[in-house]
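Residue numbers (the numbering used here): 274 to 740.
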């Protein structure tokens with residue numbers, strides 16, 4: 274591309290921001306005065322900015338240059354017009370999906386970013402669920418973990434219809450998980466902006482399962498009441514959306530929090546997700562992310578270990594098919610002494626799919642005796658598939674222990690030969706090898722009900738490869 278063409282492209286992309294996601298559109302959204310002011314400020318900042326390109330280091334290897342914002346309209350705004358029709362209610366299928374997770378202590382459902390259901394079996398003094406309130410401005414709830422939003426976090430701030438809060442009181446122990454389901458619906462063209470703030474108070478223990486799902490594909494596809502969900506997609510249904518979820522997680526001192534996020538979007542959907550966590554003294558976060566759908570699906574995971582002896586365990590599993598691109602960027606940020614982070618991301622790509630993993634371990638000055646591990650393993654199942662893996666270290670202290678490693682390669686031929694020599698059909702042998710590849714990490718899902726769902730979804734998605 275010539276320099277002139279590149280400049281023209283950037284100007285065009287800047288114009289798209291101004292013509293589609295405007296401050297006037299953000300101003301039509303309802304909410305408390307402080308929330309409306311916050312939206313407007315974010316919309317103005319985003320409208321005056323230039324979208325990132327693949328030349329930017331944090332967007333290297335991505336498809337961000339292919340994003341056409343003008344294809345989408347923010348759901349929930351007056352300007353969205355006909356695009357805002359969510360279609361038939363998916364309540365029965367959502368109920369079946371949630372029931373398959375087993376017992377729960379709370380439930381939140383949004384449809385195209387608008388709160389549809391909220392309920393809890395725990396007392397209000399122990400657990401707060403629902404929309405942000407007028408008092409939340411005093412707590413600086415939004416932006417407490419992502420204080421300086423950039424790029425698409427700004428877009429989320431500007432157009433999130435119903436920001437949600439999950440607030441576990443200090444010292445409270447909640448046995449069953451809180452389930453959040455963000456349903457993306459409608460005929461296509463909607464831009465949806467789920468926003469969730471999760472806070473585990475000091476000394477508390479809790480678990481949250483957050484699912485972002487397209488109503489016509491993936492985990493909700495034609496799911497009747499009482500049925501078991503799978504990850505099989507309906508190829509005859511099209512789903513063209515932009516989904517920009519932002520989740521902020523704060524784990525208080527000596528608290529433990531298990532967090533599972535499952536992405537099951539349509540084959541034409543763009544996802545630009547951001548998960549940020551702040552972990553206090555002696556606290557532990559166990560996080561697990563699963564990516565099943567999307568055309569281009571990006572998840573940025575930032576984990577800040579702010580208190581001494583804090584721990585973060587970060588896991589992810591993903592399978593790319595067809596022409597998908599699954600893009601993961603991580604930051605393990607050690608700011609305090611004796612902190613521990615352990616990251617393991619595992620994925621497989623088939624057909625013409627492409628995956629990217631780029632991770633950074635950062636140990637700040639003063640974070641002595643920190644212990645950090647970063648591991649990324651990738652299976653490439655077809656010649657047309659591709660995986661990039663870029664682990665990095667940025668160490669400012671001496672008395673630390675850090676390691677990183679990655680593998681990218683095809684199915685082990687010795688394993689294949691072993692199975693085929695015992696009469697196993699080639700396609701079945703490959704499915705068994707892929708299932709074995711994911712077995713260990715699937716067992717590490719920190720919420721029991723989600724563990725079985727994720728295991729089935731990974732098996733279903735990998736089982737389609739090779740017939």
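Yeah, the Cβ is synthetic: ideal placement off N, Cα and C, and Gly gets one too.
With distances taken from CA atoms, which of the options is nearest residue i?
i: residue 468; options: 439, 618, 462, 489; result: 439
i: residue 712; options: 720, 702, 724, 701; result: 724
i: residue 486; options: 471, 454, 730; result: 454
i: residue 253; options: 525, 541, 413, 591; result: What the structure shows of the chain is the stretch from 274 to 740, and residue 253 is not part of that stretch, so it cannot be assessed.
i: residue 612; options: 673, 593, 653; result: 673
i: residue 531; options: 406, 630, 480, 390; result: 480
i: residue 393; options: 579, 380, 384; result: 380
i: residue 443; options: 335, 699, 649, 476; result: 476
i: residue 398; options: 474, 386, 389; result: 474
i: residue 493; options: 566, 525, 524, 546; result: 566
i: residue 409; options: 618, 341, 311; result: 311
i: residue 619; options: 363, 561, 720; result: 561
Under the DSSP definition of a beta bridge, which residues are partnered with residue i?
i: residue 549; result: 521, 575
i: residue 593; result: 622
i: residue 487; result: 457
i: residue 726; result: None; residue 726 has no bridge partner.
i: residue 677; result: 647
i: residue 338; result: DSSP, once it has assigned bridges, lists no residue as partnering residue 338.
i: residue 347; result: 464
i: residue 379; result: 393, 451
i: residue 613; result: 584, 644
i: residue 664; result: 632
i: residue 329; result: Per DSSP, none; premise fails for residue 329.
Please classify residue i: does DSSP put it in a helix, a strand, or coil?
i: residue 299; result: helix
i: residue 561; result: strand
i: residue 719; result: coil
i: residue 463; result: strand
i: residue 261; result: The structure shown does not extend to residue 261, since the chain is modelled only from 274 through 740, so no value can be given for it.
i: residue 447; result: coil
i: residue 390; result: strand
i: residue 397; result: coil
i: residue 306; result: helix
i: residue 707; result: helix
i: residue 601; result: strand
i: residue 635; result: strand
i: residue 374; result: coil
i: residue 285; result: Any reading at residue 285 is ruled out, since the residue's pLDDT is 40, under 50, leaving its predicted position unreliable.
i: residue 569; result: strand
i: residue 701; result: helix
From residue i to residue j, what does the alpha carbon distance come to, in whole angstroms?
i: residue 607; j: residue 666; result: 12 Å
i: residue 544; j: residue 516; result: 5 Å
i: residue 371; j: residue 678; result: 36 Å
i: residue 401; j: residue 382; result: 15 Å
i: residue 555; j: residue 484; result: 28 Å
i: residue 588; j: residue 396; result: 31 Å
i: residue 564; j: residue 296; result: 32 Å
i: residue 429; j: residue 466; result: 5 Å
i: residue 352; j: residue 422; result: Caution is warranted here: a pLDDT of 43 is assigned to residue 352, below 50, making its placement in the model unreliable, and the coordinate value is therefore given only provisionally. In a straight line, the C-alpha of residue 352 is about 25 Å away from that of residue 422.
i: residue 661; j: residue 614; result: 22 Å
i: residue 471; j: residue 522; result: 5 Å
i: residue 449; j: residue 528; result: 16 Å
i: residue 461; j: residue 304; result: 25 Å
i: residue 432; j: residue 463; result: 12 Å
i: residue 322; j: residue 337; result: 15 Å
i: residue 657; j: residue 651; result: 15 Å
i: residue 327; j: residue 445; result: 45 Å
i: residue 709; j: residue 599; result: 21 Å
i: residue 687; j: residue 703; result: 12 Å
i: residue 376; j: residue 722; result: 8 Å
i: residue 348; j: residue 680; result: 40 Å
i: residue 609; j: residue 581; result: 5 Å
i: residue 569; j: residue 514; result: 11 Å
i: residue 519; j: residue 404; result: 15 Å
i: residue 406; j: residue 735; result: 43 Å
i: residue 653; j: residue 682; result: 6 Å
i: residue 509; j: residue 374; result: Confidence is the limiting factor: at residue 509 the pLDDT is only 48, short of 50, which leaves the residue's position unreliable and the question unanswerable from this model.
i: residue 308; j: residue 331; result: 29 Å
i: residue 499; j: residue 411; result: In this prediction, residue 499 has a pLDDT of 49, which is less than 50 and means its spatial position is unreliable; nothing more can be read from the coordinates.
i: residue 318; j: residue 299; result: 12 Å
i: residue 731; j: residue 320; result: 39 Å
i: residue 329; j: residue 628; result: 18 Å
i: residue 697; j: residue 293; result: 54 Å
i: residue 586; j: residue 525; result: 16 Å
i: residue 343; j: residue 434; result: 20 Å
Within 8 Å (strictly less), CB to CB, does residue i reach chain B?
i: residue 427; result: Protein chain content of the structure displayed is limited to a single chain, and chain B is not contained in it.
*Specify whether the segment 596–605 and the segment 567–583 touch according to this definition: at least 3 beta carbon pairs, one from each stretch, less than 8 Å apart.*
yes
_Does the structure place the segment 411–427 close enough to the segment 548–563 that three or more beta carbon pairs sit under 8 Å?_
yes
_Given 8 Å, three or more beta-carbon pairs between the segment 718–732 and the segment 524–538_ = yes
*Quick check: the segment 619–626 against the segment 636–646, are there 3 or more CB pairs under 8 Å?*
no
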